Amino acid sequence: MSSTTQTGASKFSLSMLINDTRYRSTTFQVIALIGLIFAMGYLVSNLLSNLADAGLNISWRFFGETAGYDINQMPIEYNNQMSHGRASLVGAVNTLIVAFLACVSATILGVIAGVLRLSNNWVVSKLMAVYVEAFRNVPVLVWILIIFLVMSNVLPQPREFRGDAATSSMWFDMVAFTNRGVYIPRLVLGDLGWAVFAAFGLSIIGVFAFRRYARNLLFNTGRLIPTFLPSIGILILPTVLVYFALGSPIGLENPALKGFNFKGGLHLRLSLIALWFALAIYTGAFIAENVRAGIQAISYGQTEAAAALGMRPGRIMSLIILPQALRVIVPPLISQYLNITKNSSLAIAVGYMDITGTLGGITLNQTGRAIECILVLMLFYLVISLSISAIMNVYNNAMKLKER
Amino acid sequence: MSDTPNIGFVRHEPIPPSAPPIQQAGMVKWMRENLFSNWINSILTILSIYFVVKIILASTPWMWNGVWTTSSLRECREVLQGTSGACWSVLAERWNQMLFGFKYPVEAYWRPTLAFVFLLVCIAPILFQKLPRNMLIFSAIYPFLAFWLIWGGTVLTPVVVAVSLIVGYLAFVKIERLTGFAAGVLSGVVAVALVLYLGSFVTAALPEFIALEPVASRDMGGFVTAALPEFIALEPVASRDMGGFMLNLILGTVCVSLSIPLGIVLALGRQSNMPIIKGICVVFIEFIRGVPLITLLFVANVVLSYFFPPGTNLDLILRVIIMITLFSAAYIAEVIRGGLAALPRGQYEAADSLGLDYPQAMRLIILPQALKISIPGIVNVAVGLFKDTTLVSVISMFDLVGMIRGPISSSTAWTGIYWELYLLAILLFFVVCYGISQYSQWLERQLRTDHH
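This is the structure in structure tokens:
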């Protein structure tokens with residue numbers, strides 16, 4: 000008895016590579032891989048022969064060589080005898096500074112504008128609509144340049160603060176707005192200055208602990224205790240007490256006019272301020288739209304249900320609407336932070352020395368090592384982007400609607 | 000039976016309702032409800048009105064007193080004699096430079112202008128479905144026409160490219176029917192290359208900026224065999240002479256239209272279940288989205304030429320177009336991936352159960368729906384990209400912002416002038432970007448298939 004052997008399944012023909020769905024995807028992937036390898040190989044061989052023609056090579060040694068240029072804003076110690084690597088690091092810190100400042104102010108501005116745009120007040124909501132549309136639809140580079148030019152043209156020169164017939168004066172003898180930048184007081188830490196900061200840090204933790212306690216009390220017993228004033232008290236009082244108990248260990252160093260320029264204090268350059276303001280205002284307009292969309296995404300029934308339970312409007316907002324709206328608002332908010340970080344590379348247009356200005360600008364021009372510089376520059380931004388994305392994914396998973 | 004004569008008055012009709020109290024009607028009511036409903040609102044209203052009035056009071060005389068006819072900022076100040084006023088003359092004098100750049104031949108200004116008008120005609124049938132469909136023929140011709148108008152040279156160059164694409168498409172249709180999608184694409188590409196090669200004997204089919212040999216002269220003589228370089232030729236303009244708002248528009252339209260197909264491919268690759276292809280697409284998309292556009296423009300400026308065969312002479316504008324296209328393709332891919340993910344699984348299964356293969360299912364079932372969902376996102380990317388074209392001024396290309404920052408601000412006549420110039424830039428960008436985003440919102444309402 001001859002059993003029917005399934006010869007067809009075991010026999011392999013070349014055409015099955017393309018016609019049989021079992022093999023087809025592998026075939027395509029292998030073709031794609033080979034194509035990619037060839038393309039890469041082609042590009043790399045071009046690169047090598049071009050570099051050889053130009054008498055160049057790939058080397059990272061220049062990072063250790065003396066930079067020889069000055070950077071006008073040095074959050075960490077630097078002088079022109081230090082290495083290119085150090086200069087890039089200064090630039091990286093400057094990038095992070097302006098990105099951080101802009102993120103904080105853009106968030107504040109965006110939340111205020113977004114909430115006000117939903118206000119019943121006709122004038123205010125129209126004004127916010129104009130703000131959002133005007134700033135969203137014009138390139139951020141234009142805003143950076145305008146703010147920079149306006150400030151450097153309108154603000155007084157330092158010499159106008161001099162003499163008896165000074166045409167300009169400082170605010171409270173502490174802040175000076177000049178066309179070279181804004182001078183603000185600098186904190187001078189005494190020996191025990193750290194203790195005040197420690198107290199402040201502990202107070203912040205204390206505020207969170209108190210609010211947690213209040214919430215647990217509400218959920219367990221139904222008792223509602225006031226939280227706003229006690230929170231502010233916990234936040235401020237211990238710090239103030241420690242400050243005076245230790246005999247004012249933190250002082251202020253005010254800027255003062257010496258000769259033709261201000262000395263002392265903290266000098267915020269116009270480039271920093273222009274970049275910071277422009278990024279904040281521009282991104283704030285986008286954040287305002289995100290906030291508005293987030294609030295509008297919560298159905299009105301939620302508000303009505305809360306009102307039916309007898310909640311007051313303030314509590315409806317903070318306990319019902321905002322927690323739900325945040326789930327919609329935060330992911331686009333984070334990607335706006337990413338945009339701020341990436342757009343801060345426009346610093347180069349106003350001469351702010353961020354990493355694009357040091358590593359991608361002067362270092363690149365001095366050493367001529369374009370490939371290495373740009374590669375490191377890209378990696379820097381890539382690392383920031385990927386780490387922020389990773390944080391966002393963790394947050395999204397935590398905030399996901401828990402469905403059964 | 001006495002009449003009741005002493006009743007003096009009997010009312011036969013009801014008293015007309017008296018007017019509502021003045022606080023509950025009309026303007027006053029509206030203001031009470033919308034502007035002064037509580038003390039916070041009142042403060043906000045007063046502050047906003049104060050703010051708006053202050054801006055208007057400051058800017059109106061400045062704008063109104065503006066001078067239009069002087070030839071330098073100094074003369075403006077002499078005319079104004081210390082009063083507040085704008086010096087609009089810079090716009091009057093440099094208007095053409097800001098639109099076309101400072102090197103584009105003056106007698107050829109009509110060409111980009113015409114190309115711009117045609118651009119509106121070209122995108123009209125794409126934007127508005129109600130227009131007659133055969134206008135799309137013009138849209139298909141437009142890229143070649145615009146290239147010829149803006150870059151000049153012989154008309155044969157774009158014609159050969161167009162013919163090659165037509166032949167390639169015909170080959171694709173023919174072969175796809177016989178064997179399959181992949182073979183169809185392959186034969187289409189081969190056909191395009193073949194016609195381009197043959198065409199290069201008729202004319203310099205590949206214009207100067209993609210010529211493989213460094214071109215010494217500008218007479219489009221990249222190929223020695225160019226038989227008819229002067230056939231219906233316009234005066235050629237090198238792409239380094241492009242500038243002004245024209246450059247922004249060129250970069251914006253070219254890069255967006257090129258990046259949509261690339262974005263679709265990347266999105267499909269990222270959705271695919273083949274790990275290697277998916278991996279390639281994910282790495283590409285995440286890399287591009289993780290770095291600022293400026294670094295990519297640096298690549299275009301200084302690094303990209305290293306990756307081409309020795310002796311290649313790629314124009315800066317083409318290198319920039321390549322990098323911006325890759326940049327926006329990554330963003331568009333993410334938008335389209337969102338659209339693909341938003342489709343119910345049933346659509347994919349329905350396509351499978353009809354026996355459609357992957358290319359058919361995508362073309363007939365999935366992509367039409369996914370693209371429709373993605374339109375607002377794509378428009379957002381397009382607006383963002385158009386704004387980002389100003390970044391090319393950083394790598395010393397003279398787009399609108401580059402013209403303002405460079406040649407105009409540093410000319411002796413106009414040093415120190417900024418508000419007037421940047422207001423024009425704001426206005427131009429605002430009109431285009433706001434227009435596009437309004438269109439997108441309109442389209443969203445049109446395409447809504449659920450009934451609210």
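Order-wise, the sequence lines are chains A and B. Quick note: the first sequence uses numbering that gives the first Met the number 0, first residue 0, plus one each step. Quick note: the second sequence uses numbering that gives the first Met the number 0, first residue 0, plus one each step. Don't be surprised by glycine CBs; every beta carbon is placed ideally from N, CA and C. Because the structure is a prediction, the values reported are computed rather than measured.
Residue i vs residue j beta-carbon contact at 7 Å
i      : j      : result
I335/B : I276/B : no
L115/A : V123/A : yes
G151/B : V236/B : yes
N342/A : L256/A : no
G167/B : V191/B : yes
A287/A : G109/A : yes
P124/B : L113/B : no
Q368/B : L342/B : yes
S384/A : L337/A : yes
N260/A : P155/A : no
I319/A : A296/A : no
E419/B : C86/B  : yes
Short CB-CB distance (under 7 Å) between residue i and chain A
i      : result
T294/B : yes
A424/B : yes
V504/B : An answer regarding residue 504/B cannot be provided, because it is not within the stretch 0 to 451 covered by chain B.
V9/B   : no
P291/B : yes
C280/B : no
T44/B  : yes
V223/B : With a pLDDT of 35 at V223/B, under the threshold of 50, the modelled position of this residue cannot be trusted; read the value that follows with caution. With 7 Å as the cut-off, V223/B does not count as an interface residue toward chain A.
Residue i burial status per 10 Å Cβ neighbour count (16 or more: buried)
i      : result
L100/A : buried
I280/A : buried
M0/B   : Since pLDDT at M0/B reaches only 49, below the 50 mark, its modelled position is unreliable, and no value is offered.
R368/A : buried
K262/A : exposed
S44/A  : exposed
G289/B : buried
For residue i, the three-state DSSP class (helix, strand or coil)
i      : result
K399/A : coil
E252/A : strand
I187/A : For the sequence presented, residue 187/A should be read as Val rather than Ile. Reduced to three states, the DSSP call for V187/A is strand.
L233/B : strand
H83/A  : helix
F208/B : Caution is warranted here: a pLDDT of 43 is assigned to F208/B, below 50, making its placement in the model unreliable, and the coordinate value is therefore given only provisionally. Residue state, collapsed to three classes: helix.
T178/B : coil
K262/A : strand
D398/B : strand
K257/A : strand
Closest residue to residue i among the options (Cα-Cα distance)
i      : options                       : result
A118/B : E74/B, A349/B, A139/B         : The sequence shown places Leu at residue 118/B, not Ala. Taking only the C-alpha atoms, the option nearest L118/B is A139/B.
G100/B : L265/B, M396/B, L422/B, C75/B : M396/B
A86/A  : Q72/A, N215/A, V97/A          : Q72/A
L454/A : V195/A, L267/A, L35/A         : In this structure chain A extends from 0 to 403, so residue 454/A is not present and cannot be described.
M245/B : Y347/B, C75/B, L148/B, G415/B : L148/B
T340/A : N289/A, E132/A, L144/A, N93/A : N93/A
V194/B : I174/B, V158/B, L177/B        : V158/B
L186/A : M173/A, G205/A, A198/A        : M173/A
I377/B : A332/B, L296/B, R31/B         : A332/B
I293/B : P60/B, Y103/B, L384/B, F146/B : L384/B
A107/B : M241/B, T388/B, I174/B        : M241/B
V255/B : T388/B, L34/B, R10/B, K371/B  : T388/B
L271/A : A348/A, F199/A, V329/A        : A348/A
Minimum Cβ-Cβ distance from residue i to chain B less than 7 Å
i      : result
L332/A : no
S270/A : no
K257/A : no
Y380/A : yes
D19/A  : no
N260/A : no
D69/A  : no
P322/A : no
T6/A   : Note that T6/A scores 48 on pLDDT, short of 50, meaning its location in the model is unreliable; the coordinates nonetheless yield the value given after this. Chain B contact via Cβ: absent.
M0/A   : Residue placement at M0/A is poorly supported in this model, since its pLDDT is 43, which falls under 50; the coordinates are not used for a value here.
M150/A : no
Residue i: CB within 6 Å of a non-hydrogen atom of the ligand SAM
i      : result
L148/B : Among the components of this structure there are no ligands whatsoever, and the ligand SAM is therefore not found.
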